[in-house]
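Asker:
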Amino acid sequence: MVSRVRVWLNRTYAENVFFMDQLRRNPSDRAVEIHATHGDPDSPVLAAADTAELEPENLSPAGYVEYALDQCARRGIDVFVPRLHQSAIVAHRAEFEAAGTAVLAPPPEAVAVFHDKVIAYEAVQAIGVPVPPWYRVRSEDELVAAVEELESGGHKACFKPASGAGGVGFRVITRTPFSLMQLSGFPSPYVPLDLVLEALRQAGEPVDWLVMPRLEQPEVSVDCLTGPDNRVRLAVGRTKNGRRRGFTLHEQWLDPARRIAEGFGLHYLSNIQFRMFGDRPVLMDVNTRPAGGLHQLSLCGVNAPWAAVQLALGEDPGEVVPPFLGQDYTVVSGPRPLRPVSLPQQRAEAAAEPLPAMPVDSAGATAPQAPVEGAASLGALRL
Numbered sequence: 000m001v002s003r004v005r006v007w008l009n010r011t012y013a014e015n016v017f018f019m020d021q022l023r024r025n026p027s028d029r030a031v032e033i034h035a036t037h038g039d040p041d042s043p044v045l046a047a048a049d050t051a052e053l054e055p056e057n058l059s060p061a062g063y064v065e066y067a068l069d070q071c072a073r074r075g076i077d078v079f080v081p082r083l084h085q086s087a088i089v090a091h092r093a094e095f096e097a098a099g100t101a102v103l104a105p106p107p108e109a110v111a112v113f114h115d116k117v118i119a120y121e122a123v124q125a126i127g128v129p130v131p132p133w134y135r136v137r138s139e140d141e142l143v144a145a146v147e148e149l150e151s152g153g154h155k156a157c158f159k160p161a162s163g164a165g166g167v168g169f170r171v172i173t174r175t176p177f178s179l180m181q182l183s184g185f186p187s188p189y190v191p192l193d194l195v196l197e198a199l200r201q202a203g204e205p206v207d208w209l210v211m212p213r214l215e216q217p218e219v220s221v222d223c224l225t226g227p228d229n230r231v232r233l234a235v236g237r238t239k240n241g242r243r244r245g246f247t248l249h250e251q252w253l254d255p256a257r258r259i260a261e262g263f264g265l266h267y268l269s270n271i272q273f274r275m276f277g278d279r280p281v282l283m284d285v286n287t288r289p290a291g292g293l294h295q296l297s298l299c300g301v302n303a304p305w306a307a308v309q310l311a312l313g314e315d316p317g318e319v320v321p322p323f324l325g326q327d328y329t330v331v332s333g334p335r336p337l338r339p340v341s342l343p344q345q346r347a348e349a350a351a352e353p354l355p356a357m358p359v360d361s362a363g364a365t366a367p368q369a370p371v372e373g374a375a376s377l378g379a380l381r382l
């Protein structure tokens, strides 16, 4: 009898409830139990897990590694998918392996390259992958010089932190004075240059920003699955153009993504993002972790999370080719159940059909299964 697989996701995005769904519904029909930890007791990831705990706050990276090693030992974790403190965790991969846990993340050298966007851009340029013009800015004068240089070339300037994830800190520079126009409608990423300069003067300390031209749509996000042998097993592009989403296997996107994934050893799941600069794709960002939207590949008949777990367990799934490309779709919000009581909680017994999760109260009784409106989650809906 094949033993069940125990997978742990530490503090991760709410959208990864779908990652968990796909692990349970794997094509190998393998039993999977999922452990989740988070700092927010109302994370839907905790409610979707078989066992769950609140993470301790204010741990240093080194302290978090000790906490993670203890979790793996106590919970019998086979595969650990780290998001929080990924850099520190992968530096201690040998200790996790000694505890019987495979870490589903790239080696520390690869994580370090893509932690800093400037280092990343320099590195990928060296292997022939195009990047947009960029300027590292730390002061008011450097910001003005970078913006003027880009504007002189007919571009609109934007900036974002040199290190960071997602769209946090992304802003677009405008010369339009601040007015009531900025206070009507929804908040905008556009910020007047004079207000940014004033904020820098008042801060009295340097920033660390990457200033570059605002890139054109479509955005193409290539999900890659790469083995420890540096060979890509899966590469599929997800396109985004406004609300409309779709899929692509065009080599203008996949070829540079493969070169990056293989060239830097982005083992297991990574996400490599491109946009257009003029008439050619250029690199926008590289994530050394599974993308929040990875589950959308299920519309192409692909279960990427399970293929990655197989690789981590030493069970090579071989080349993963989508049997078809799903039709265009959009992303909408939907409710997910939340745990009604304090953590830690765990299910007394895994149900035959584990989804949706059934919260358990402190006495061990099944709580009412009423979805909570506004619970964070996203799903794909075909147009």
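Numbering that gives the first Met the number 0 numbers the first residue of the sequence shown as 0 and each following residue consecutively. Using N, Cα and C, we set each Cβ at its ideal position, and we do this for glycine too. Since the structure is predicted, the reported quantities are computational estimates derived from the model, not experimental observations.
If you reduce the DSSP assignment to three classes, tell me which class L337 lands in.
Answerer: If you number the sequence shown from 1, residue 337 lands on position 338. In the structure shown, L337 sits in coil (DSSP, three-state: anything other than H, G, I, E or B).
Asker: In chain order, what are the residue ranges of uninterrupted beta strand (DSSP E) at least 3 long that sit wholly in the stretch 208-245?
Answerer: The qualifying runs are 208-212, 215-225, 231-240.
Asker: Among the residues of its own chain, which have a CB less than 8 Å from the CB of S27, if the five just before and after it don't count?
Answerer: As a working note, residue 27 is residue 28 in the sequence shown. Counting only Cβ-Cβ distances below 8 Å, and skipping sequence neighbours, we find W305, Q309.
Asker: If contacts are defined as beta-carbon pairs under 8 Å, then P191 and P176 qualify, I think. What distance do you get, rounded to the angstrom?
Answerer: Here the question's residue 191 lines up with position 192 in the sequence shown. Here the question's residue 176 lines up with position 177 in the sequence shown. Yes, they are in contact, since the Cβ atoms of P191 and P176 sit about 6 Å apart, within 8 Å.
Asker: According to the neighbour-count rule (16 or more other Cβ atoms, all chains shown, within 10 Å of its Cβ), is H249 buried or exposed?
Answerer: Taking the first residue of the sequence shown as position 1, residue 249 is located at position 250. The residue in question, H249, is exposed, as its Cβ has fewer than 16 Cβ neighbours within 10 Å.
Asker: Given this structure, state the Cα-to-Cα distance separating R274 from S2, to the nearest angstrom.
Answerer: Within the sequence shown, numbered from 1, the residue matching residue 274 stands at position 275. Within the sequence shown, numbered from 1, the residue matching residue 2 stands at position 3. About 43 Å.
Asker: Could you give the C-beta distance for R137 and D207, rounded to a whole number, given that I count them as a contact under 8 Å?
Answerer: As a working mapping, residue 137 is identified with position 138 in the sequence shown. As a working mapping, residue 207 is identified with position 208 in the sequence shown. Going by Cβ atoms, the distance from R137 to D207 rounds to 6 Å, so yes, they are a contact pair.
Asker: Determine the extent of the alpha helix (DSSP H) in which C71 is found, giving its start and end residues.
Answerer: In the sequence shown, counting from the first residue as 1, residue 71 sits at position 72. From DSSP, the alpha helix (DSSP H) with C71 extends over 60-74.
Asker: Cβ of P321 less than 8 Å from any chain C Cβ?
Answerer: Among the protein chains of the structure shown there is no chain C, as only one such chain exists.
Asker: Do the CB positions of R23 and T50 come within less than 8 Å of each other?
Answerer: Here residue 23 refers to the residue found at position 24 of the sequence shown. Here residue 50 refers to the residue found at position 51 of the sequence shown. Not a contact, by the Cβ cut-off of 8 Å.
Asker: Buried or exposed, going by whether 16 or more other CB atoms sit within 10 Å of the CB of L182?
Answerer: Numbered from 1 along the sequence shown, position 183 holds the residue referred to as residue 182. Counting Cβ neighbours within 10 Å, L182 comes out exposed, since fewer than 16 surround it.
Asker: Does the separation of the CB atoms of V4 and V78 fall below 8 Å?
Answerer: Taking the sequence shown and counting its residues from 1, one reaches residue 4 at position 5. Taking the sequence shown and counting its residues from 1, one reaches residue 78 at position 79. In this structure, V78 lies closer than 8 Å to V4 by Cβ.
Asker: Report yes or no: do three or more beta-carbon pairs, one from the stretch 33-49 and one from the stretch 318-330, lie closer than 8 Å?
Answerer: Contact fails: fewer than three Cβ-Cβ distances are below 8 Å.
Asker: Could you give the distance in angstroms between the alpha-carbon of F263 and the alpha-carbon of P107?
Answerer: In the sequence shown, the residue the question calls residue 263 occupies position 264. In the sequence shown, the residue the question calls residue 107 occupies position 108. Cα to Cα, the separation comes out at about 11 Å.
Asker: So H114 is in the beta strand (DSSP E); what residue range does that whole segment cover?
Answerer: By 1-based counting over the sequence shown, the position of residue 114 is 115. Premise fails: H114 lies in the alpha helix (DSSP H), 107-114, not in any beta strand (DSSP E).
Asker: Taking buried to mean at least 16 other C-beta atoms within 10 Å of its own C-beta, is P131 buried or exposed?
Answerer: As a first step, residue 131 is located in the sequence shown; it is residue number 132 there, counting from the start. Buried, because 16 or more other Cβ atoms sit within 10 Å of the Cβ of P131.
Asker: Once you ignore the five residues that flank Q70 on each side, which residues in its own chain have a CB closer than 6 Å to its CB?
Answerer: For the purposes of this step, residue 70 is taken as residue 71 along the sequence shown, with counting starting at 1. Excluding positions up to five away in sequence, the list is empty.
Asker: Name the two residues that bound the continuous beta strand (DSSP E) containing D77.
Answerer: Here residue 77 refers to the residue found at position 78 of the sequence shown. D77 -> no beta strand (DSSP E), and no H or E assigned at all.
Asker: Going by beta carbon distance, what residues of the same chain come within less than 7 Å of F18, once the five residues before and after it are set aside?
Answerer: Here the question's residue 18 lines up with position 19 in the sequence shown. Excluding positions up to five away in sequence, the list reads P289, L293, H294, P304.
Asker: Going by Cα to Cα distance, which pick from Q251, G300, R335 is closest to P322?
Answerer: Here residue 322 refers to the residue found at position 323 of the sequence shown. Answer by Cα proximity: G300.
Asker: Note down, in chain order, each residue of its chain lying with its Cβ closer than 7 Å to the Cβ of T11, except the 5 sequence neighbours on either side.
Answerer: Position 12 of the sequence shown, counting from 1, holds the residue named residue 11. Cβ within range, chain order: V44, R82.
Asker: Name the DSSP bridge partner or partners of L8?
Answerer: As a position in the sequence shown, residue 8 is number 9, starting the count at 1. For L8, which the question treats as bridged, DSSP gives the partners A35, V80.
Asker: Rounded to the nearest angstrom, what separates E261 and V231 at their Cα positions?
Answerer: Indexing the sequence shown from 1 puts residue 261 at position 262. Indexing the sequence shown from 1 puts residue 231 at position 232. Each residue's alpha carbon lies about 7 Å from the other.
Asker: Work out the CA separation of V89 and L312 for me, nearest whole Å.
Answerer: Indexing the sequence shown from 1 puts residue 312 at position 313. Indexing the sequence shown from 1 puts residue 89 at position 90. Roughly 16 Å between the two C-alpha positions.
Asker: Given R279, which residues of its chain have a CB within under 7 Å of its CB, disregarding the five upstream and five downstream residues?
Answerer: Taking the sequence shown and counting its residues from 1, one reaches residue 279 at position 280. Here the set comprises P129.
Asker: Return the first residue and the last residue of the beta strand (DSSP E) that L53 is part of.
Answerer: The sequence position of residue 53 within the sequence shown is 54, counting from 1. Counting along the chain, the beta strand (DSSP E) containing L53 begins and ends at 50-53.
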